[in-house]
Amino acid sequence: MDSNKYSQGSENKPVKSKYQVKVINEKCIGAASCIGVAGATFKLNDNNIADVIDQDGNVDEEKLLAAQSCPTAAVEVINVGTGEVLWPK
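Okay, structure coming up:
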């Protein structure tokens with residue numbers, strides 16, 4: 043896996059929740075819709091790319107909604123237990 047593909051914090055695994063979120067650097071345009079929906083999980087870095095600050099910052103449903111709100115589908119949602127990519131489909 044290319045470590046530069048995903049933003050900071052994307053590779054961290056959640057402890058309390060079952061969904062891991064990853065932000066694809068080259069797709070993120072800094073729209074910040076993910077932050078509006080799940081601000082305890084995401085933040086914009088100095089390059090206006092969303093970073094994952096806490097995999098357990100928001101509940102799974104909010105993380106999924108945050109990913110779905112992204113206009114460029116830059117946020118992946120993975121079920122940690124099964125490895126299934128839930129979003130984008």
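Every position in the sequence shown, counted from 1, becomes a number in the working numbering once 42 is added.
Backbone N, C-alpha and C define an ideal beta-carbon position, used for all residues, glycine too.
Between ASP96 and THR114, the CB-CB gap reaches or exceeds 7 angstroms. Per DSSP, reduced to three states, the secondary structure at VAL65 is strand. Annotated three-state conformation of VAL57 is coil, per DSSP.
Here DSSP, grouped into helix, strand and coil, assigns GLU118 to strand. When only Cα atoms are considered, LEU106 and ALA80 end up about 9 angstroms apart. For the options GLU126, PRO130, VAL127, VAL122, the alpha carbon positioned closest to that of LYS55 is the one of VAL122.
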